[in-house]
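These notes concern the structure reproduced below.
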Amino acid sequence: MTDNSPEPRADGQPPKVERGGLWGLFLGLAGLLLPPYGVVLSVFGVVQGFRARRAARTHRSQAPGALLSVALGVIGIVVSSIMITVLFVYQDEVSEFRDCSARAHTVSTQKECDTAWESGTGLPPVVIGA
Numbered sequence: 002m003t004d005n006s007p008e009p010r011a012d013g014q015p016p017k018v019e020r021g022g023l024w025g026l027f028l029g030l031a032g033l034l035l036p037p038y039g040v041v042l043s044v045f046g047v048v049q050g051f052r053a054r055r056a057a058r059t060h061r062s063q064a065p066g067a068l069l070s071v072a073l074g075v076i077g078i079v080v081s082s083i084m085i086t087v088l089f090v091y092q093d094e095v096s097e098f099r100d101c102s103a104r105a106h107t108v109s110t111q112k113e114c115d116t117a118w119e120s121g122t123g124l125p126p127v128v129i130g131a
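Right, here's the structure in full:
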């Protein structure tokens, strides 16, 4: 990341804004939209959000989006961790579901795959990103 820290302010000038929080917000949102692989982006979003807050506090300026980037990053980490856990715990069922979905050419056969997944795991098919 580039150093987007604000310039020191002179007397009478309004405080500059720390833009690192917006980068963290972007990374946190990208990590939330790309589970389970977005866990790395979510971690970067959390780190960037904390860096922006620290820089804003040091320079006595604002860091818009820094707290939101931390929150989105943490949510992205949790969602990605849950998905990765499901993929490891239900490895065989996930393989069977993906094979069944690949063979399903109609809505009714896809619903049969969904029903088999739900009866075998008790989880909705949305959990594995199908």
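Using the numbering used here, the letters of the sequence shown correspond one by one to residues 2 to 131.
Glycine included, every Cβ here is placed at the ideal spot set by N, Cα and C.
Which same chain residues end up closer than 8 angstroms to E137 when comparing Cβ atoms and leaving out the 5 residues on each side of it in sequence?
Since the displayed the chain opens at 2 and closes at 131, residue 137 lies outside it and no answer follows.
Between A131 and T116, what straight-line distance do the alpha-carbon atoms span, to the nearest angstrom?
Residue placement at A131 is poorly supported in this model, since its pLDDT is 49, which falls under 50; the coordinates still yield a value, given next. The straight-line gap from Cα to Cα measures roughly 13 angstroms.
Please report the straight-line C-alpha distance between G66 and K17, rounded to a whole angstrom.
Cα to Cα, the separation comes out at about 15 angstroms.
Does the beta carbon of F45 come closer than 8 angstroms to any beta carbon on chain B?
In the structure shown, chain B cannot be found, because there is only a single protein chain.
Which residue wins for smallest C-alpha separation from E119, given the options E97, I78, V71?
It is E97.
Mapping DSSP to helix, strand and coil, what is L124?
Residue state, collapsed to three classes: coil.
Within this structure, are the beta carbons of L73 and L23 separated by less than 8 angstroms?
Against a cut-off of 8 angstroms, the Cβ pair of L23 and L73 comes out as no contact.
Which one or two residues does DSSP pair with Q49 in a beta bridge?
BP columns for Q49 are empty, so no partner.
Identify, in the order they occur along the chain, each residue of the same chain with its Cβ nearer than 7 angstroms to the Cβ of D93, setting aside the five sequence neighbours on each side.
Excluding sequence neighbours, D93 sits near nothing in its chain.
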